[in-house]
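J.:
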Amino acid sequence: HRKLIVPQLGATGIAAHEVRQPTGFQVVYGPVRASDIPAFIAAGLKAADEMRLARFDLWDRLVVVPVEAVQRFRPAVLLMLALFVTAGLNKRGFDLSSALPHWPHLAWTVWLTYLAGIVLVPVGLPWLPTRSLAFKGAVAGLVPAAGLFAARASPVQENLSLGLASAPAFCSFLGLSFTGSTTYTSPSGVRREMKWALPLQIAASAGG
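In structure tokens, the structure reads:
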């Protein structure tokens, strides 16, 4: 055979004529889901209407949560360590005794935001306001911010602003990172969103 079946959703990144010229293979755009490939082949490489439908229901969104969790775990750890070091800095350099009281609050802020960004954004995608994933993430970030506010009896009162300002900002960034997993975003739309979202995320994080 000289036919290459590729995913339908990969069409934007595949130039069929450029594949055929050097290889001789004809690109055939298959169904959205790999599970439909046997039926697609059995039908003579013809897709039924339902094979062309890109669903993105709750289960589809939950499937990507482990992927997001693994990809964002290391940055979350590095962020927590960076905040810990920053909390201990003074005119003499790094002071461990100054950083340690801040540690519980920093850890809670980072990990609650991490969970909100990788779980609440995908789960709540249809209900979080606007189409902007950065804004959806910021709204989801209000959940850990509210939790941190409720726990404001912490002995480290001066760290409260970190959670209230930074949690929505960090979660907004995680939401923006989710664009590659959705079925309705486009490269140009993502670039436009990044132009206004990233400066706001940085400013809110710095303010926190």
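First residue of the sequence shown? That's -4 in the numbering used here, and the numbers climb one at a time after it.
All C-beta atoms, glycine included, are put in the ideal place defined by N, C-alpha and C.
This structure is a prediction, so every number in the text was calculated from the model and none was measured.
#1: Does the distance between the C-beta of I197 and the nearest non-hydrogen atom of the ligand MN fall short of 7 Å?
#2: Could you tell me the alpha carbon to alpha carbon distance between P150 and G136, rounded to whole angstroms?
#3: What are the partner residues of V21, as DSSP defines its beta bridges?
#4: Expressed to the nearest angstrom, what Euclidean distance is found between the alpha-carbon atoms of K41 and S127?
#5: Who are the Cβ neighbours of G83 in its own chain at under 7 Å, not counting the five residues just before and after it?
#6: What would DSSP say about L123, mapped onto helix, strand or coil?
#7: Whose C-alpha, out of I9, G8, L(-1), is nearest the C-alpha of Q21?
#8: Whole angstroms are fine: how far does the CA of Y179 sit from the CA of P2?
#9: At least one CB of chain D closer than 8 Å to the CB of L76: is that the case?
T.: Straight from the coordinates:
#1: Looking at this structure, you won't find the ligand MN or any other ligand, since it has none at all.
#2: With a pLDDT of 46 at P150, under the threshold of 50, the modelled position of this residue cannot be trusted; read the value that follows with caution. Approximately 23 Å between the Cα atoms of the pair.
#3: A quick correction: the sequence has Gln, not Val, at residue 21. Its beta-bridge partners are K(-2).
#4: 35 Å
#5: F89, D90, L91, S93, A94
#6: coil
#7: L(-1)
#8: 16 Å
#9: Reference to chain D is not applicable here, since this structure consists of a single protein chain.
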